[in-house]
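Residue numbers (the working numbering): 454 to 607.
Read through the structure below, which is laid out as structure tokens, and then see the notes.
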Amino acid sequence: MSDLMVRPLSSADQAQWSALWSGYNAFYGRLGATALSDAINATTWSRLLDPAEPVLGFVAEKGGALVGLAHVVLHRSTIQVQDNCYLQDLFVDDAVRGAGVGRALIEAVYAFARTQGLPKVYWQTQEANATARRLYDTLAAPTGFIVYRKVLAP
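Structural data, given as structure tokens:
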């Protein structure tokens, strides 16, 4: 994909980002009655563009169209001085899956983390997400940790 460019998210990307964000959320079953609220979507967009927030966005662009997104959250650690880089969201449009967009987004996140002096990038995915895991296994090592969650508020 020679004309693929990965770059930071910009305010001009809102409409195309929104379409990708909707696709990402639909992939994880957040649509219809379980869709994220407009308030959550607006807050996420605002945070991604706010330089004071530890949340950043990257997009993959091909031929002027956005075809993928990656969101990262920088956070403190109790076992090191530097922050960590959590790759919270990664999504590639169905039309270009398998063409290297996901890899390019992850590599761009790695490059960003290196420029910030961050020691690692990590993420999680569903066990059943076999297609993505085939890619992830070429780019990082599974940690062996199991994620637990307790929902405290509706």
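Every residue gets a Cβ at the ideal spot worked out from N, C-alpha and C, and that includes glycine.
Quick caveat: nothing in here was measured; it's all calculated off a predicted structure.
For residue i, the three-state DSSP class (helix, strand or coil)
i: residue 491; result: helix
i: residue 521; result: strand
i: residue 500; result: helix
i: residue 554; result: helix
i: residue 526; result: strand
i: residue 574; result: strand
i: residue 545; result: strand
i: residue 588; result: helix
i: residue 562; result: helix
i: residue 505; result: coil
i: residue 568; result: helix
i: residue 486; result: helix
Residue i - containing beta strand (DSSP E), residue span
i: residue 510; result: 508-515
i: residue 598; result: Counting along the chain, residue 598 falls outside any beta strand (DSSP E), and DSSP gives it neither H nor E.
i: residue 607; result: From DSSP, residue 607 is part of no beta strand (DSSP E); its letter is neither H nor E.
i: residue 459; result: 457-461
Integer Cβ distance of residue i from residue j, believed to fall under 8 Å
i: residue 571; j: residue 522; result: The pair is not a contact, with the Cβ atoms about 20 Å apart (cut-off 8 Å).
i: residue 538; j: residue 495; result: At roughly 24 Å, the Cβ-Cβ gap does not stay under 8 Å, so residue 538 and residue 495 are not in contact.
i: residue 592; j: residue 550; result: The Cβ separation is near 16 Å, so there is no contact.
i: residue 511; j: residue 459; result: 6 Å
i: residue 525; j: residue 502; result: No, residue 525 and residue 502 are not in contact; Cβ-Cβ is about 14 Å, not under 8 Å.
i: residue 578; j: residue 586; result: 6 Å
i: residue 516; j: residue 456; result: 6 Å
Span of the alpha helix (DSSP H) around residue i
i: residue 473; result: 467-480
Identified DSSP bridge partners for residue i
i: residue 539; result: 526 and 575
Buried or exposed by the 16-neighbour rule on C-beta atoms within 10 Å, applied to residue i
i: residue 589; result: buried
i: residue 513; result: buried
i: residue 603; result: exposed
i: residue 605; result: exposed
i: residue 547; result: exposed
i: residue 559; result: buried
i: residue 484; result: exposed
i: residue 600; result: exposed
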